[in-house]
Amino acid sequence: MQLIERYIEAVKFWLPKAQQEDIAAELHTNILAQAEDREAALGRPLQEDEEVAILKQLGPPPLVAARYRPDQGTVAFGRQWIGPLVYPFYRVAVKATLSILALLELLSAATRVVAGRTDIVQAIIQSAWQLLDVAIMPLLLVTIAFAVIDYALREYRLAERWDPRTLPALKRRKQVVPRANSIAAIVIQLVFIVWWLSLPSFSEVTFGQLRPAPIWQTLYLPSLFIACVILAQNVATFLRPTWIWLAAAAELLTSIASLVILYPLLQAHPLVLLDAIDPSALDQLKMVKLNTGIHFALISTWLGILIVALVQAVRCLRFTRDLFARQHRLRPRRL
Amino acid sequence: MDSDLFENIRLELRRGLLIVAVLAQLRREHYGYTLRKDLADLGLEIDEGTLYPLLRRLETQGLLTSEWREENNRRKRFYRLSADGRQILKQLLTEMAKINSSLNRIV
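Just so you know, the protein sequences line up as chains H and G, in that order. Quick note: the first sequence uses the numbering used here, first residue 853, plus one each step. Quick note: the second sequence uses the numbering used here, first residue 170, plus one each step.
This is how it looks when you write it as C-alpha cells:
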C-alpha cells in the first residue's frame, strides 16, 4: 500500500493549503476502501500492478488536485485554449508572475523614494503604470505555455500514459530544524554578543583617520537586544526542533526592529568623519564619495531587510492559517 | 471530430444528471467510496476524480452536510442531503419529469 501513500502525498502537494489535510484524508480513506474491496474479491493482498490500476483510474495527482480547487474556469478566445484541468495552475502562474513583477516595481519605487529622487505618490503612480507596461509580455508567454500544456494533455493523452510507479518516495512527515543548524547559530550569536559587549572598553573605534559619526552609537543597545532575541530563539529551536514557526516569527520581529533602528541612519549625513586636523580639498572630495557609497550600501541593506521581513510575514501568515485550518478540522462537523 | 463532439455533448448531458443522482442517493448517508459503488450497482458509473470533488462542491453550496466518523477502525467522511438539498432535489426531480415528458412527445 506504499504506492497509495505516495500517491496521496503527491496529490496533497497540489491542493490548496487550507484544505490539504482534509481532502487528502478523505481521498486516502476512499482509495483504501476500494483497495480492500478488491482484495476481498480476490481473496489475497493486491499486487503492485493492481494498485497501479486503481491509481491510474484516478488520474495523475496534479489533475486530481485541480478538480478540488475552488478556482475552476477556462480561458477561451473564440475557442477554448486552457481547459478546467490546467486552469487552476495557470491562475497560480499568473499570480506568481504578477507578484514578482509588482515586487520588483515596488523595490524600484522604494529606491527612488529613499534616494530622494521622487515623492511616494509619484513613485506609486509611475510603478503602477510601468507594471501595466512590463506585465503584458510575461503574461502572454505564460498563457501560451499553458495553452500548449493543455493541448498536449488532450492531444497526446498524457494523463493516460502516466505511471504511478514514477511517484516520488515518501518524505519525512514532520518538518524539523536540524539541531546542527541551531548549534551553529547559537555559537555565532554568542561570539557576536561577546564581541559587541567588548566594544565600549575601547575608548573610540577608528579606522585609520576615519571615525564613524556619533549617530552609529544609537545602534549599540538595539543591536545587542536583537542579538539576544536571535540567541534565545535559536536556543528554543534547539530544544524544540519542530517549532519551525518560531524562527519565522523571530526573524519577522528582528527584521522589523532592524528596519526601525536603521531608518535614522538613512537620513543621516555624514556617516563617516575624517580625523585629520586640516583635511585637503582632495580628502574632502574622497569623504563625500565614501559617505555616498556607505549611504547607498545602507539603503540596499535596508531594502534587503525589508524583503526578509515581507517573506517572513507571509510565512507567519501561512503558519497562522494552517493552525486555524487544523483547529477547524479537529472540530467535528455536525449533521 | 464527430466522436469528440458526441463526447462533449454526452458529458454536458451527464453533468447535471449526475448531480441529481448524487443528491437522490444521499437521502441516505454514505461516504465517497460506498456512494460510488451504490451508484455503479444501480447502473450509473461515475469516476472517482469526478465524484469526490463533486461531493465537496455540493457541500460548499449547502446541499450536503458531512461528518468525519470512525467506522471499522477507519475515519470516514459521511455525507447526507441537507434541508436545502432536499428542497433543491425535489425541484430538480419535478423539472426532470417535465423535460422527460416533453422529450417523450418530441422524439
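Where is the CB? At the ideal position from N, CA and C, for every residue including glycine.
Original post:
Taking any Cβ of chain H, which residues in the region 191-210 of chain G have a Cβ under 9 Å from it, in chain order?
Top reply: GLU198, TYR200, GLY201, TYR202, THR203, ARG205, LYS206
Original post:
What does DSSP give as the partner residues of GLN932/H in its beta bridges?
Top reply: ALA928/H
Subject >> Same chain only: Cβ atoms within 6 Å of ARG220/G, ignoring 5 sequence neighbours per side >> reply: Per the sequence shown, the amino acid found at residue 220/G is Leu instead of Arg. So the qualifying residues of the chain are ARG205.
**OP:** Assign GLY911/H to one of two classes, buried (16 or more other C-beta atoms within 10 Å of its C-beta) or exposed (fewer than that).
**Re:** buried
Subject >> Where the alpha helix (DSSP H) through TRP237/G begins and ends >> reply: Element bounds for TRP237/G: not the alpha helix (DSSP H) but the beta strand (DSSP E), 233-240.
Subject >> 7 Å CB neighbourhood of SER960/H in its chain, flanking five on each side removed >> reply: SER979
Original post:
Going by other Cβ atoms of all chains shown within 10 Å of its Cβ, with 16 needed for buried, is GLN1164/H buried or exposed?
Top reply: buried
Original post:
Helix or strand or just coil, what does DSSP make of HIS1147/H?
Top reply: helix
**OP:** Could you give the DSSP three-state label for TYR942/H: helix, strand or coil?
**Re:** helix
Original post:
Who are the neighbours of TYR920/H on chain G, taking C-beta pairs under 7 Å?
Top reply: PRO222, ARG225
Original post:
Going along chain H in order, which residues have a C-beta closer than 8 Å to the C-beta of GLU264/G?
Top reply: Within 8 Å Cβ-Cβ: nothing; GLU264/G doesn't reach chain H, min ~24 Å.
**OP:** Take the Cβ of TYR859/H as the centre, count every other Cβ of all protein chains shown within 10 Å, and call the residue buried at 16 or more, exposed below.
**Re:** buried
Original post:
Where does the unbroken alpha helix (DSSP H) through TYR1115/H begin, and where does it stop?
Top reply: 1096-1119
Original post:
Within the present structure, is the beta-carbon of LEU898/H separated from the nearest heavy atom of the ligand NAD by less than 7 Å?
Top reply: This structure simply doesn't include the ligand NAD, nor any ligand for that matter.
**OP:** Answer yes or no: do LEU1104/H and ALA962/H have a C-beta to C-beta separation smaller than 8 Å?
**Re:** no
Subject >> Distance between beta carbons of ALA1088/H and ILE1045/H, contact taken as under 8 Å >> reply: ILE1045/H to ALA1088/H, Cβ: 16 Å. No contact.
Subject >> Beta carbon of TYR939/H nearer than 8 Å to that of GLY930/H >> reply: no
Original post:
Counting only beta-carbon atoms, is ASN882/H nearer than 8 Å to chain G?
Top reply: yes
**OP:** Compute the Euclidean distance between the alpha carbons of PRO1122/H and VAL1166/H, then round it to the nearest angstrom.
**Re:** 36 Å
**OP:** Report the rounded CA-to-CA distance for GLU176/G versus LEU956/H, giving the unit in angstroms.
**Re:** 46 Å
Original post:
Going straight from the alpha carbon of GLU873/H to that of LYS864/H, what length do you get?
Top reply: 7 Å
**OP:** Using a threshold of 8 Å, state whether the C-beta atoms of ARG255/G and THR234/G are closer than that.
**Re:** no
**OP:** Put ARG196/G into one of helix, strand or coil per three-state DSSP.
**Re:** coil
**OP:** To the nearest angstrom, report how far apart LEU953/H and LEU991/H are at their CA atoms.
**Re:** 11 Å
**OP:** Rounded to whole angstroms, what's the CA-CA distance from ARG1185/H to GLY231/G? Just pull it up for me.
**Re:** Below a pLDDT of 50, predicted positions are generally treated as unreliable, and ARG1185/H, at 43, falls in that range; the measurement from the model is reported next regardless. Going from the Cα of ARG1185/H to the Cα of GLY231/G covers about 13 Å.
**OP:** Excluding the 5 residues preceding and the 5 following ILE257/G in the sequence, name in chain order all residues of the same chain whose CB lies nearer than 8 Å to its CB.
**Re:** LEU192, LEU232
Subject >> Identity of the residues DSSP links to LYS245/G by a beta bridge >> reply: ARG238/G
**OP:** Report back the beta-carbon spacing between LEU1111/H and ILE1157/H to the nearest angstrom; my notes put them in contact at under 8 Å.
**Re:** 6 Å
Original post:
Any Cβ of chain G within less than 8 Å of the Cβ of GLU902/H?
Top reply: no
**OP:** Could you tell me whether the Cβ of ASP216/G comes closer than 8 Å to any Cβ of chain H?
**Re:** yes
**OP:** Specify whether the region 184-203 of chain G and the region 221-228 of chain G touch according to this definition: at least 3 beta carbon pairs, one from each stretch, less than 8 Å apart.
**Re:** yes
**OP:** Give me whichever residues DSSP pairs with VAL1124/H in a beta bridge.
**Re:** PRO1064/H
Original post:
For LEU250/G, which residues does DSSP report across the bridge?
Top reply: LEU233/G
**OP:** Grab the span of the alpha helix (DSSP H) containing ARG1031/H for me, first residue to last.
**Re:** 1031-1050
Subject >> Segment limits, alpha helix (DSSP H) that includes ILE883/H >> reply: 872-894
Original post:
So GLN854/H is in the alpha helix (DSSP H); what residue range does that whole segment cover?
Top reply: 854-866
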